[in-house]
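Asks: Numbering (my numbering), first residue to last: 9 to 81. For reference, the structure I am asking about is given below.
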Amino acid sequence: MDNVKRIVRGGTCTGCGACRICEHISFEKNRRGFYSPMVDGQCTGCGRCVAACLYDPQREGNDSPRASGPGLF
Ligand code: SF4
Ligand code: SF4
């Protein structure tokens, strides 16, 4: 099952909100005070939210520094 939890866990989520396309995703403040997507237990794993995310390191052709993981710039 693939959803934006993987992107949040991987540390590349910017909280941009582009994945807010599904009723199973809500945005809540994380421990550092930034909004981050939360996925409820009804997620079907369809992957639409992942497809909407520009910061998914697994996205084809995604070579932006932010999406490749932690770095200086
Ligand atoms: S679209 Fe990607 S970067 Fe934007 S909030 Fe959702 S998981 Fe985070
Ligand atoms: S149902 Fe699909 S779009 Fe919604 S959170 Fe799950 S994988 Fe993402």
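Just so it is clear, CB atoms sit at the ideal spot from N, CA and C, and this is done for glycine as well. Keep in mind it's a predicted model, so treat the numbers as computed, not measured.
Counting along the chain, where does the beta strand (DSSP E) carrying Ile33 start and finish?
Replies: Against the sequence shown, residue 33 aligns to sequence position 25. Looking at the DSSP string, the run of the beta strand (DSSP E) that includes Ile33 is 33-37.
Asks: Of all the options Met46, Gly53, Val16, Val58, which has the alpha carbon lying nearest to the alpha carbon of Phe35?
Replies: For the purposes of this step, residue 35 is identified with residue 27 of the sequence shown, where counting begins at 1. Answer by Cα proximity: Met46.
Asks: Go through its chain and collect everything with a Cβ distance to Arg28's Cβ below 8 Å, but skip five positions before and after it.
Replies: For the purposes of this step, residue 28 is identified with residue 20 of the sequence shown, where counting begins at 1. So the list reads Phe35, Pro45, once near-sequence residues are dropped.
Asks: Using a threshold of 8 Å, state whether the C-beta atoms of Cys61 and Val16 are closer than that.
Replies: For this step, residue 61 is matched to residue 53 along the sequence shown. For this step, residue 16 is matched to residue 8 along the sequence shown. Not in contact: Cys61 and Val16 (Cβ atoms no closer than 8 Å).
Asks: In the DSSP assignment, what are the bridge partners of Thr9?
Replies: Within the sequence shown, the letter at position 1 stands for residue 9. Note on identity: in this sequence residue 9 is Met, with Thr being the wrong assignment. BP columns for Met9 are empty, so no partner.
Asks: Have a look at Thr22, Thr52, Cys24 and flag the residue whose alpha-carbon is nearest the alpha-carbon of His32.
Replies: Residue mapping note: residue 32 aligns to position 24 of the sequence shown, counting from 1. When each option's Cα is compared against that of His32, the closest is Thr52.
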